[in-house]
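A short write-up of the structure that comes next.
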């Protein structure tokens, strides 16, 4: 199982010879028993139970001026109920990593994009009504649509700027009152995050990334496989999704009906997004679960390619709806990219790079359906089918890459003595995912 070697109990705090060197067993005795449920509750055996490791990271947090450093406490304990209750209070992508553990990110991010899907459904209803305003005061329907939806977006953006706090320990403010959490809850939020991934405190949330460090993050080739996945994974559903309303109008449906007929696929899309993210969390599997996204799309594309021009419009609509109801793996991939970054600095840059590759893939996808291929887009669908097959193989290759990388590091790490491991943790100049004690998620 891939995990962060700095924060992974198996690699540091549960390694018997490392415990003997650091004397962490005596440290465990000073920590009270608390109720543990699954991944919740502070527990007694964690990375910072080793005093030397705790001091090492405390110095890093102080030097970085991490905003939650005053709540860092290796001896602090909390119950599972307290952790579950406090983590439900907050709820983009980089911001959400300040609040949640790496294992919690996929399901939290899936809700984020499910809300986006819900907005698309609401938007379809709004568009169906607002477009009927065409001719009112001499304006076209699309002008009213842009004006009304633009005003809604602007208001939400301004409110978010005022209401969203910078981090768990900075929730008090002019627009937020006395804050969302008391001191005890802040300590839970900070320590649960740092015990899961200590690197989340190696920068503060107002610190920028200079050009030298930016280039260093870009050169981190171990994240390139995920960028390639982001580039190609979403291309197969992109053209049908973008042109669905247009395709439906070509099939003889009115603009009003075409907008309403997009709703079923958007609803099923949101449901499947939540399901696939939950499955990934249960299985602790990313690559193979994400591959099911393109596996789902494959048979629907085969049917569209095989379908003749004489097929019923409703049959074609059913196939398109089935295709676009695919389990969207974006939440899993974003969390996967975040987990494998292993530093705040790399995480910030890799999130941007990943999104750039996703947007580049959207540009590619938008140019696959061409005017001379209307109305069935047979050539375009064959291209999408080929890319879909490539994506399925790509996920297997990416998983193999990270598994192989972990195995080689594990062999090198196992050759070190307990003293050498302590020396490496404290003095190595390797950073982020380049550390020998880091394990990639897959």
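Numbering (full-length UniProt numbering), first residue to last: 1 to 442. Every residue gets a Cβ at the ideal spot worked out from N, C-alpha and C, and that includes glycine. Predicted model only: the values in this text are computed from it and were never measured.
(message) Give me the residue from 411, 117 and 435 with the minimum Cα distance to residue 273.
(response) Along the chain shown, one-based indexing puts residue 273 at 273. For the residues 411, 117 and 435, the minimum Cα distance to residue 273 belongs to 117.
(message) Less than 7 Å between C-beta atoms, sequence neighbours within five positions excluded: which residues of the same chain meet that for residue 442?
(response) Taking the first residue of the chain shown as 1, we reach residue 442 at position 442. Correct list, in chain order: 2, 286, 287, 399, 402 and 403.
(request) Between the Cα of residue 233 and those of 363, 411, 146 and 440, spot the shortest distance and give me the residue it belongs to. (result) Residue mapping note: residue 233 aligns to position 233 of the chain shown, counting from 1. Residue 363 is the option with its Cα nearest to residue 233.
(request) Please report how far the alpha carbon of residue 439 lies from the alpha carbon of residue 185, in whole angstroms. (result) Position 439 of the chain shown holds residue 439. Position 185 of the chain shown holds residue 185. If you take the alpha carbons of residue 439 and residue 185, they lie about 30 Å apart.
(message) I believe residue 165 touches residue 176 by the beta-carbon criterion, under 8 Å. Please report the beta-carbon distance rounded to the nearest angstrom.
(response) If you number the chain shown from 1, residue 165 lands on position 165. If you number the chain shown from 1, residue 176 lands on position 176. Confirmed, about 6 Å.
(request) Indicate the three-state DSSP secondary structure (helix, strand or coil) for residue 177 in the structure shown. (result) The residue given as residue 177 occupies position 177 in the chain shown. For residue 177, the three-state secondary structure derived from DSSP is strand.
(request) Following the continuous alpha helix (DSSP H) through residue 266, name the residue where it begins and the one where it ends. (result) In the chain shown, the residue the question calls residue 266 occupies position 266. Residues 263 to 283.
(request) Have a look at residue 314 and residue 302 and give me their C-alpha separation to the nearest angstrom. (result) Sequence index remark: in the chain shown, residue 314 carries index 314 (1-based). Sequence index remark: in the chain shown, residue 302 carries index 302 (1-based). Pairing residue 314 with residue 302, the inter-Cα distance amounts to about 17 Å.
(request) Using a threshold of 9 Å, state whether the C-beta atoms of residue 295 and residue 110 are closer than that. (result) In the chain shown, residue 295 corresponds to position 295, counting from 1. In the chain shown, residue 110 corresponds to position 110, counting from 1. No Cβ-Cβ contact shorter than 9 Å links residue 295 with residue 110.
(message) Nearest by alpha-carbon distance to residue 265: which of 292, 250, 237 and 284 is it?
(response) In the chain shown, residue 265 corresponds to position 265, counting from 1. Restricting attention to 292, 250, 237 and 284, the CA atom closest to the CA of residue 265 is found in 237.
(message) Between which residues of its own chain and residue 430 is the CB-CB distance below 6 Å, once the five residues before and five after are set aside?
(response) Residue 430 sits at position 430 when you count from the first residue of the chain shown. The answer is none, since no qualifying residue turns up.
(message) Which of the three DSSP states is assigned to residue 238 in this structure?
(response) As a working mapping, residue 238 is identified with position 238 in the chain shown. Correct three-state label for residue 238: helix.
(request) Counting only the same chain and skipping the five closest in sequence on each side, list residues whose C-beta sits under 6 Å from that of residue 131. (result) Mapped onto the chain shown, residue 131 falls at position 131. Counting only Cβ-Cβ distances below 6 Å, and skipping sequence neighbours, we find 141.
(message) Can you list, in chain order, the residues of its chain with a C-beta nearer than 8 Å to that of residue 269? Leave out the 5 residues immediately preceding and following it.
(response) Position 269 of the chain shown, counting from 1, holds the residue named residue 269. Result list for residue 269: 117, 324, 325, 326 and 328, in chain order.
(message) Taking the beta carbon of residue 283 as the centre, do at least 16 other beta carbons fall within 10 Å, making it buried, or is it exposed?
(response) As a first step, residue 283 is located in the chain shown; it is residue number 283 there, counting from the start. The residue in question, residue 283, is exposed, as its Cβ has fewer than 16 Cβ neighbours within 10 Å.
(request) Compare the beta carbon distance of residue 291 and residue 383 with 9 Å and say whether it is the shorter of the two. (result) Position 291 of the chain shown, counted from the start, is the residue given in the question as residue 291. Position 383 of the chain shown, counted from the start, is the residue given in the question as residue 383. No, Cβ-Cβ distance for residue 291 and residue 383 is not below 9 Å.
(request) Confirm, please, whether the CB-CB distance from residue 437 to residue 350 is below 9 Å. (result) Position 350 of the chain shown holds residue 350. Position 437 of the chain shown holds residue 437. Cβ distance not < 9 Å, so residue 350 and residue 437 don't count as in contact.
(request) Pull up the distance between the alpha-carbon of residue 148 and that of residue 115, whole angstroms please. (result) Along the chain shown, read from residue 1 onward, the residue named residue 148 stands at position 148. Along the chain shown, read from residue 1 onward, the residue named residue 115 stands at position 115. Roughly 19 Å separates the two Cα atoms.
(request) May I ask you to report which of helix, strand or coil DSSP gives residue 404? (result) Taking the first residue of the chain shown as position 1, residue 404 is located at position 404. Note: residue 404 maps to helix in three-state DSSP.
(message) Taking the straight line between their C-alpha atoms, what separation do you get for residue 120 and residue 257?
(response) Taking the first residue of the chain shown as 1, we reach residue 120 at position 120. Taking the first residue of the chain shown as 1, we reach residue 257 at position 257. Near 15 Å, if we compare the C-alpha coordinates of residue 257 and residue 120.
(message) Nearest by alpha-carbon distance to residue 247: which of 304, 216, 75 and 334 is it?
(response) Position 247 of the chain shown, counted from the first residue, corresponds to residue 247. Residue 304 is the option with its Cα nearest to residue 247.
(request) Consult DSSP for residue 312 and reduce its assignment to one of helix, strand or coil. (result) Taking the first residue of the chain shown as 1, we reach residue 312 at position 312. In the structure shown, residue 312 sits in coil (DSSP, three-state: anything other than H, G, I, E or B).
(request) Count the other C-beta atoms from every protein chain shown that fall within 10 angstroms of the C-beta of residue 125, then say buried if there are 16 or more, exposed otherwise. (result) Taking the chain shown and counting its residues from 1, one reaches residue 125 at position 125. Exposed: under 16 other Cβ atoms inside 10 Å.
(message) Does residue 378 come out as helix, strand or coil in the three-state DSSP assignment?
(response) In the chain shown, residue 378 corresponds to position 378, counting from 1. Collapsing the DSSP output to three states places residue 378 in a helix.
(request) Please check the pair residue 128 and residue 231, which I expect to be a contact at CB under 8 Å, by giving their CB distance rounded to whole angstroms. (result) Taking the chain shown and counting its residues from 1, the one referred to as residue 128 is at position 128. Taking the chain shown and counting its residues from 1, the one referred to as residue 231 is at position 231. Going by Cβ atoms, the distance from residue 128 to residue 231 rounds to 34 Å, so no, they are not a contact pair.
(request) State the start and end residues of the unbroken alpha helix (DSSP H) segment that holds residue 247. (result) As a working mapping, residue 247 is identified with position 247 in the chain shown. Note, residue 247: alpha helix (DSSP H), 244 to 250.
(message) Could you tell me the alpha carbon to alpha carbon distance between residue 414 and residue 407, rounded to whole angstroms?
(response) Position 414 of the chain shown holds residue 414. Position 407 of the chain shown holds residue 407. Distance between the alpha carbons of residue 414 and residue 407: 11 Å.
(message) Quick check on this structure: which residue in 138, 223 and 381 has the alpha carbon closest to the alpha carbon of residue 343?
(response) Locating residue 343 in the chain shown gives position 343, where the first residue counts as 1. When only C-alpha atoms are compared, the closest one is 223.
(request) Could you please give the first and the last residue of the uninterrupted alpha helix (DSSP H) stretch that includes residue 143? (result) In the chain shown, the residue the question calls residue 143 occupies position 143. Residues 141 to 163.
(message) Suppose you measure from the CA of residue 316 to the CA of residue 367; what does that come to, to the nearest Å?
(response) As a first step, residue 316 must be located in the chain shown, where it is residue number 316. As a first step, residue 367 must be located in the chain shown, where it is residue number 367. The alpha-carbon atoms of residue 316 and residue 367 are separated by roughly 21 Å.
(message) Using the three-state DSSP reduction, which class does residue 329 fall into: helix, strand or coil?
(response) On the chain shown, position 329 is the one that residue 329 refers to. Looking at residue 329 - three-state DSSP - the assignment turns out to be coil, as it is neither helix nor strand.
(request) Please determine, among 411, 244, 281 and 432, the residue with the shortest C-alpha to C-alpha distance to residue 375. (result) By one-based count along the chain shown, residue 375 stands at place 375. For the residues 411, 244, 281 and 432, the minimum Cα distance to residue 375 belongs to 244.
(request) Using three-state DSSP, classify residue 168 as helix, strand or coil. (result) Numbered from its first residue, the chain shown carries residue 168 at position 168. In this structure, residue 168 counts as coil in the three-state DSSP scheme.
(request) Keeping to the same chain, check which residues put their C-beta closer than 7 Å to that of residue 446; ignore five residues upstream and five downstream. (result) With the chain covering 1 to 442 only, the question about residue 446 has no answer from this structure.
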